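Adding 195 to a residue's 1-based position in the sequence shown gives its number in the numbering used here.
A short worksheet on the structure shown next.
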Amino acid sequence: MTSFFRKRAIRYPLAAVSLLGVLAAVFLFMFNFWVGLIYTVIFFALIGSSWKIEEQTYMDTEKHIETMSYRMKKVGEEALFELPIGIILLNEKQIIEWANPYAAQIFGEESLIGEELFELSEQFRSFLKDDVPEDLTMTVGERSFRLAYKPEDRLIYLFDVTKKREIESLYYADRTVIGILLVDNYDELAQTMDDQTRSQLNSLVTSLINSWGADNGIFVKRVASDRFIAVFNESMLNELEKNKFAILDDVREKTAKQSNGLTLSIGVGAGSPSLIELGELAQSSLDLVLGRGGDQVAIKRSDGKLKFFGGKTNPVEKRTRVRARVISHALRDLIQGSDQIFVMGHKMPDMDAIGAAIGVRKMARMNNVPGYVVVNFDELDASVNRLIDEIEQDPDLYDHFIHPDEVLSKMTDKSLVVIVDTHKPSMVIDERVIDRAEKLVVIDHHRRGEEFVQNTMLVYMEPYASSTAELVTELIEYQPKNEKLTMLESTAMLAGIVVDTKSFTLRTGSRTFEAASYLRTNGADTVLVQRLLKENIETYVERSKLIETVEIMNGGVAIAKGENGVPYNSVLIAQTADILLTMQGVSASFVIAPRSDGKIGISARSLGELNVQRVMEQLGGGGHLTNAATQLMLDSVEEAEAQLKQVILDDQERGD
196 MTSFFRKRAI
206 RYPLAAVSLL
216 GVLAAVFLFM
226 FNFWVGLIYT
236 VIFFALIGSS
246 WKIEEQTYMD
256 TEKHIETMSY
266 RMKKVGEEAL
276 FELPIGIILL
286 NEKQIIEWAN
296 PYAAQIFGEE
306 SLIGEELFEL
316 SEQFRSFLKD
326 DVPEDLTMTV
336 GERSFRLAYK
346 PEDRLIYLFD
356 VTKKREIESL
366 YYADRTVIGI
376 LLVDNYDELA
386 QTMDDQTRSQ
396 LNSLVTSLIN
406 SWGADNGIFV
416 KRVASDRFIA
426 VFNESMLNEL
436 EKNKFAILDD
446 VREKTAKQSN
456 GLTLSIGVGA
466 GSPSLIELGE
476 LAQSSLDLVL
486 GRGGDQVAIK
496 RSDGKLKFFG
506 GKTNPVEKRT
516 RVRARVISHA
526 LRDLIQGSDQ
536 IFVMGHKMPD
546 MDAIGAAIGV
556 RKMARMNNVP
566 GYVVVNFDEL
576 DASVNRLIDE
586 IEQDPDLYDH
596 FIHPDEVLSK
606 MTDKSLVVIV
616 DTHKPSMVID
626 ERVIDRAEKL
636 VVIDHHRRGE
646 EFVQNTMLVY
656 MEPYASSTAE
666 LVTELIEYQP
676 KNEKLTMLES
686 TAMLAGIVVD
696 TKSFTLRTGS
706 RTFEAASYLR
716 TNGADTVLVQ
726 RLLKENIETY
736 VERSKLIETV
746 EIMNGGVAIA
756 KGENGVPYNS
766 VLIAQTADIL
776 LTMQGVSASF
786 VIAPRSDGKI
796 GISARSLGEL
806 NVQRVMEQLG
816 GGGHLTNAAT
826 QLMLDSVEEA
836 EAQLKQVILD
846 DQERGD
């Protein structure tokens, strides 16, 4: 019992009342004997009963507290030993000094006393740090436990949360997922078929997709001739991921017999309880897939995470003259509604970026609006520098090449910024220009990645085009004819096409030759193109040294690497990858070398068997199925090589 209760403070006022009563009795006796006697009898009867009640209350309370104390001690001991909560007490050396029976039962031991904590489970190492979060879980056998650690007492509590985890798993597995399936090129192919063939193809596609839905427990509904809606849940989505969305291969292979081959694009929205948000995520995923060339799946979750499957085939040319004309007219309206145009490519611009920028600047001039090409003159390779030297001979054109700092001082709210040959904000020459711009347009031929310029007014992305210069050439054809392309402008754009197609050998379609023909008609000088693209002896020797380091992996994957501490030109790295791809037995090539900006660059090329875009995306880069690159913030070429090899091996093992 506490000392506070033993003091029994109630006795002090009772003693005072008793003393006052005695004094009152004395005075009453002096005043009147009988009155004093009667008062004294009544007073002592009352005060005596009060003292007795106080004493009895004290005794009863003391007995009750002793009983409660015993019961609480007994219950505490029982809780300590019987409740399903593991309790472990450690000493300074992480040796278990004491543990309750339930903790021993968790680890299948009779007693844990004297055991070293980390011998029970290595998972404890990460839990005993000072900066660990409160809600930690560990797995012992098939059971999960939430761990609470009290460092000041070196005390560990283990709470069984197995049932909770099972309920969470069931909840997440049952969450709704929405998918939108689009049959690529259906309308274009159907137009060239007779009624019977079209009907057979239509039935085949419907049968394949409905069978896929039935086999996987997915509700599938056709909503248009080339579009389906699929509703399923997370557990089904996990199964589809395991078999790499085999429906992509089924549709491509089984329709190849009846047509040139249809492909399927799928956008999936997941991770949200809102059906509206799921629909928006699915549509956004589908847009992303189409921007990457189709024949693949994009899964987008509410937290922004993205996954891609497929993309095994080269994108099929789907753009039409009508689309080019519509985009050209929309761009014309934007140009005419602006006070000036600024055209900007990617960092370390190549011929395609510079040629496309010159073409867009020409479109501004055709619409009587001032246009400028944004260039950082300190970040140009040899071939682009040779082009700049030629441009210097044309003051009217050269005066419209400006530095990013000058752009920021010239720009107004009515200025239009056109991004060419990239769609990633981190890749542009100066991100400040994008941040400042009120009106943005993107023209690019790369497959769309997760990172994208936001708040654009117009996007023209065609991943099946050979180059951005090709796209810009087609747009120029539908601009006002008050001024023709000059020889130098045409040559710059043709050089961009030549570089990106490796002299019309890769990613070249009929539209590529049409664009080249248009530029040639406008005076493009093929001899000047060759002179611009010439290389010096030192570059040839450097490239040869890189090729000497080549290592061939399984599957015909060639990897060459440069020396640590020696900066290599990005164009040289790309050219080396191109040359390696021409070697016998090589199906994909990767060149790893330090860059002048301190990063480790990787340039990747492929003949199509290995999707180098997917490999580079996993390392933070991107590009095309056969042409991609990335830059890594690493200390050595060897680190980059190890990461690259691991990604390639993982991709080869998946085989999707």
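Idealized CB from N, CA, C, for every residue including glycine.
Remember, it's a predicted structure, so these values are computed and weren't measured experimentally.
{"Asked": "Endpoints, alpha helix (DSSP H) assigned at E709", "Found": "705-716"}
{"Asked": "Reduced DSSP category for E287 - H, G, I as helix; E, B as strand; rest coil", "Found": "coil"}
{"Asked": "Three-state secondary structure assigned by DSSP to K756", "Found": "strand"}
{"Asked": "For Q841, three-class secondary structure by DSSP", "Found": "helix"}
{"Asked": "Buried or exposed by the 16-neighbour rule on C-beta atoms within 10 Å, applied to A900", "Found": "In the structure as shown, the chain starts at 196 and stops at 851, and residue 900 therefore has no counterpart that could be examined."}
{"Asked": "Whole-angstrom C-beta distance between G499 and I375, which should lie under 8 Å", "Found": "So it is not a contact: roughly 19 Å between Cβ atoms."}
{"Asked": "Given S213 as reference, the closest of V230, E746, S245 once Cα atoms are compared", "Found": "S245"}
{"Asked": "Residues near N563 by beta carbon distance below 6 Å, same chain, minus five either side", "Found": "none"}
{"Asked": "Residue span of the alpha helix (DSSP H) that contains K359, given as start and end", "Found": "357-368"}
{"Asked": "Coarse secondary structure for G489, derived from DSSP in three states", "Found": "coil"}
{"Asked": "Beta-carbon gap between N580 and H598 smaller than 8 Å", "Found": "no"}
{"Asked": "Euclidean distance between Cα positions of E657 and E434", "Found": "32 Å"}
{"Asked": "Closest residue to D792 among Q826, A772, L820 (Cα-Cα distance)", "Found": "Q826"}
{"Asked": "Distance between A755 and V745 (C-alpha atoms, nearest Å)", "Found": "4 Å"}
{"Asked": "Within 8 Å, strictly: CB atoms of G466 and G474", "Found": "no"}
{"Asked": "Rounded C-alpha distance that separates F537 from V648", "Found": "16 Å"}
{"Asked": "Secondary structure of R417, DSSP reduced to three states", "Found": "strand"}
{"Asked": "Where V832 sits in the DSSP three-state scheme", "Found": "helix"}
{"Asked": "CB of G817 within 8 Å of CB of G644, strictly", "Found": "yes"}
{"Asked": "Beta-bridge partners of T458, as assigned by DSSP", "Found": "D379"}
{"Asked": "Proximal residues to E310 (C-beta, below 7 Å), its chain only, five neighbours per side dropped", "Found": "I291"}
{"Asked": "Through-space distance from E472 to S479, alpha-carbon basis", "Found": "10 Å"}
{"Asked": "D846 versus F504: straight-line alpha-carbon distance, rounded", "Found": "11 Å"}
{"Asked": "Length of the line joining the Cα atoms of L215 and Q251", "Found": "24 Å"}
{"Asked": "Pick from Y659, P296, E287, N286 that is closest to P860, judged by C-alpha positions", "Found": "What the structure shows of the chain is the stretch from 196 to 851, and residue 860 is not part of that stretch, so it cannot be assessed."}
{"Asked": "DSSP bridge partner residues for I280 (one or two, in chain order)", "Found": "F354"}
{"Asked": "From Y735, E758, F423, A835, residue whose alpha carbon lies closest to that of Q770", "Found": "Y735"}
{"Asked": "Check whether L670 and M561 have beta carbons under 8 Å apart", "Found": "no"}
{"Asked": "Which residues DSSP lists as bridging N428, in chain order", "Found": "T371"}
{"Asked": "Three CB pairs or more closer than 8 Å across the region 799-812 and the region 716-733", "Found": "no"}
{"Asked": "DSSP bridge partner residues for E587 (one or two, in chain order)", "Found": "DSSP, once it has assigned bridges, lists no residue as partnering E587."}
{"Asked": "C-beta atoms of D369 and N428 nearer than 8 Å", "Found": "yes"}
{"Asked": "Residues that A799 bridges to, as DSSP identifies them", "Found": "F785, A823"}
{"Asked": "Closest residue to N764 among L727, L575, Q391 (Cα-Cα distance)", "Found": "L575"}
{"Asked": "Under the three-state DSSP convention, the category T197 falls into", "Found": "Residue confidence for T197 is low, a pLDDT of 47 falling below 50, so the modelled location carries little weight; the figure read from the coordinates is stated next. Coil at T197, not helix or strand."}
{"Asked": "Residues that L501 bridges to, as DSSP identifies them", "Found": "K495"}
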